[in-house]
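Data first, discussion second: the structure below is written as structure tokens.
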Amino acid sequence: MALEVRRATAGDLEPLWGLYAASCARQVPGDMGPDWHMGVYPARSDMEGRLAAGELYVGEQDGALVAGMVVAKGEDPIYARVPWRVPAAPDEVAVLHLLVVDPAARGRGVGGRMVAAAARVARQAGMRALHLDTLETNVGAIALYKGCGLSVACVMPVHYEDIGDASTVLFELALDGGAADDSDGVAGAAGAGGAAKADAACRKGAGHGGEPFSVEVITVSDRSFRGERPDASGPALVELAERHGYRVVATRLVPDERERIEAELRDAAARGVALVLTTGGTGFSPRDVTPEATAAVCERMAPGIPEAMRAASLAITPKACLSREVAGIVGRTLVVNLPGSPKAAVENVSAVIGPIAHGLGILRGEALDG
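If you're matching positions, the sequence shown starts at 1 in full-length UniProt numbering and goes up one per residue.
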């Protein structure tokens, strides 16, 4: 589904404000979202100022406004102490703020295409770098930005007027310089360099013809199944998959019982689901049997995927060596085990989300091997 990204007009302000309100309304205390506060950040007066300055952009699909963002020229003062790696003067930097996607439009790769559009806007304005930040707890956004080719400059405390000091991940993207051109940098062809790389990277979840691969998320947890603990990992993986352009077709919650897990995996494969992500049941507890259930169902194993995930996790914690997740293929379905912790699950799959999309293309006959 085509997404048109353009500069906002006065008529877009009300529906865009509604998107921010809907996003804020979905937040719950302690969740892994942006922690926005309506009226403070985002603020209506700020939106009006951004509109007047030509820094406010919207994304439309089938005539409906489904996304918005701010692309501001010039470094943000709150980034004064950030050790950026990409060489750029303050007036050679664009900053992406307040990226929002309509919840009803998630799963279409909208977020990734908005980031790619921001990179094109910045490059065509002659900027050398694109900067942005997100809270360290906003795992979905972190996965999106990494998937779009942005690099982490650092993680450091940043002071926000609505929430105070917070641990923040600072991202940057090199735009390879580039002079301004006559287009508005949005609806036209992708720019070169970093902007083009971001555009390509953000389409990882798309299969042949740009159609998204289907994904099912299975949470394996006795306590969550009994209603004793909310399932946090499943929703975090759904958010990540949708941000990467996958189409989430089902979510399941099952106890730590091998037969139940095997049945769910076989059912997903029979329905032709492209990718199954399981979370939970990969540790040392006697009831942690997800790897055994997966191995019993799969016809071929894919050991490189868990090896890559563990290697990435070991850079964060030595306990990563205790995770027993496996990955394998049943029919034309790829199954990937992930840890039960929301943070670990997202970190693990973020390390392999690009190669997984390539593998799915090969598995489903939509790409050449090699």
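Glycine is no exception: its CB is placed at the ideal position from the N, C-alpha and C atoms.
In terms of CA proximity to Ala43, Trp17 leads the group Asp91, Gln61, Trp17 and Val101. The beta-carbon separation of Pro342 and Asn348, rounded to 11 Å, does not stay under the 8 Å limit for a contact.
With 16 or more neighbouring CB atoms inside 10 Å of its own CB, Asp35 falls in the buried class. Around the beta carbon of Gly272, fewer than 16 other beta carbons sit within 10 angstroms, so the residue counts as exposed. No Cβ-Cβ contact shorter than 8 Å links Val335 with Pro291. Of the candidates Ser313, Ala308 and Asn337, the residue whose Cα lies closest to the Cα of Pro355 is Ala308.
In the pairwise beta carbon analysis, the region 117–132 is classified as touching the region 89–107: at least three pairs are separated by under 8 Å. Sixteen is the threshold: since fewer than 16 other Cβ atoms of the shown chains lie within 10 Å of the Cβ of Ala53, the residue is exposed. Gly59: member of the beta strand (DSSP E) spanning Leu56 to Gln61, first to last residue.
When the beta-carbon positions are compared, Ala119 and Leu175 come within less than 8 Å of each other. Spanning the alpha carbons of Cys148 and Val115 requires a straight line of approximately 7 Å. In this structure, Leu265 lies away from Val217, with their beta-carbon atoms at least 8 Å apart. Under the three-state reduction of DSSP output, Pro157 falls in the strand class. According to DSSP, Lys343 shares a beta bridge with no other residue.
Around the beta carbon of Leu277, 16 or more other beta carbons sit within 10 angstroms, so the residue counts as buried. DSSP, read as helix, strand or coil, puts Ile218 in strand. Annotation note: the region 80–117 contains the following uninterrupted beta strand (DSSP E) runs of length 3 or greater, listed N- to C-terminal: 93–101. Under a 10 Å Cβ-count criterion, Thr282 is classified as buried, with 16 or more other Cβ atoms of the shown protein chains found around its own Cβ. By the Cβ-count criterion, Ala122 is buried, with 16 or more other Cβ atoms from all chains shown falling within 10 Å of its own Cβ. Contiguous beta strand (DSSP E) elements confined to the region 252–308 occur at 275–279, taking only those with 3 or more residues. As a beta-bridge residue in DSSP terms, Tyr41 pairs with His37. Counting along the chain, Ala67 sits inside the beta strand (DSSP E) bounded by residues Ala64 to Lys73.
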